[in-house]
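Undergrad: In full-length UniProt numbering, the protein residues as written are 1 to 106. Note that CB positions come from ideal geometry on N, CA and C, so glycine has one too. Everything numeric in this text was worked out from a predicted model, so none of it was measured.
1. To the nearest angstrom, report how far apart residue 60 and residue 19 are at their CA atoms.
2. Give a yes or no on whether the C-beta atoms belonging to residue 40 and residue 87 are separated by under 7 Å.
3. Going by alpha carbons, who is nearest to residue 114 out of 99, 66, 15 and 104?
4. Please list, in chain order, all residues of the same chain as residue 44 whose beta carbon is under 7 Å from its beta carbon, the five residues on each side excluded.
5. Got a sec? Which residues, its chain only, sit under 6 Å from residue 32 by beta carbon, not counting five neighbours each side?
6. What's the C-alpha gap between residue 70 and residue 94?
7. Distance, Cα to Cα, residue 53 vs residue 12?
8. Going by other Cβ atoms of all chains shown within 10 Å of its Cβ, with 16 needed for buried, is residue 21 buried or exposed?
9. So the candidates are 30, 26, 37 and 103; which of them puts its Cα closest to the Cα of residue 89?
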């Protein structure tokens, strides 16, 4: 009980922060989204390029990119009828790179 009374208000997460953190980890828990983000480390790619390089259906890639875009992990630019995606959050990308390095050294 005393620990709860002495909790620093700055360390208590508000509902919005909790939601964003949980959505970020949800995004990173899906192997397909991890593969897409890993590919985007190299630079921007169109939906078709991602689908081809990862041997995925274009609809699957579009669905996953929409999820990643909604939580601001990727962004896009339009060129004609094509959309080119790139990563949009250096903090999360750095964390993901470190996690991949950690997994490779286990």
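TA: Result, derived from the coordinates:
1. For the purposes of this step, residue 60 is taken as the residue at position 60 of the chain shown. For the purposes of this step, residue 19 is taken as the residue at position 19 of the chain shown. Roughly 24 Å separates the two Cα atoms.
2. On the chain shown, residue 40 is found 40 positions in, with the first residue counted as 1. On the chain shown, residue 87 is found 87 positions in, with the first residue counted as 1. In this structure, residue 87 lies closer than 7 Å to residue 40 by Cβ.
3. In the structure as shown, the chain begins at 1 and stops at 106. Residue 114 is therefore absent and cannot be evaluated.
4. The residue you call residue 44 lines up with position 44 of the chain shown. Only 84, 85 and 86 meet the Cβ criterion.
5. Within the chain shown, the letter at position 32 stands for residue 32. So the qualifying residues of the chain are 64.
6. The residue labelled residue 70 in the question sits at position 70 within the chain shown. The residue labelled residue 94 in the question sits at position 94 within the chain shown. Cα to Cα, the separation comes out at about 19 Å.
7. Numbered from 1 along the chain shown, position 53 holds the residue referred to as residue 53. Numbered from 1 along the chain shown, position 12 holds the residue referred to as residue 12. Rounded to the nearest angstrom, the two C-alpha atoms are 42 Å apart.
8. As a position in the chain shown, residue 21 is number 21, starting the count at 1. That one is exposed.
9. Locating residue 89 in the chain shown gives position 89, where the first residue counts as 1. Residue 37 holds the alpha-carbon nearest to the alpha-carbon of residue 89 among 30, 26, 37 and 103.
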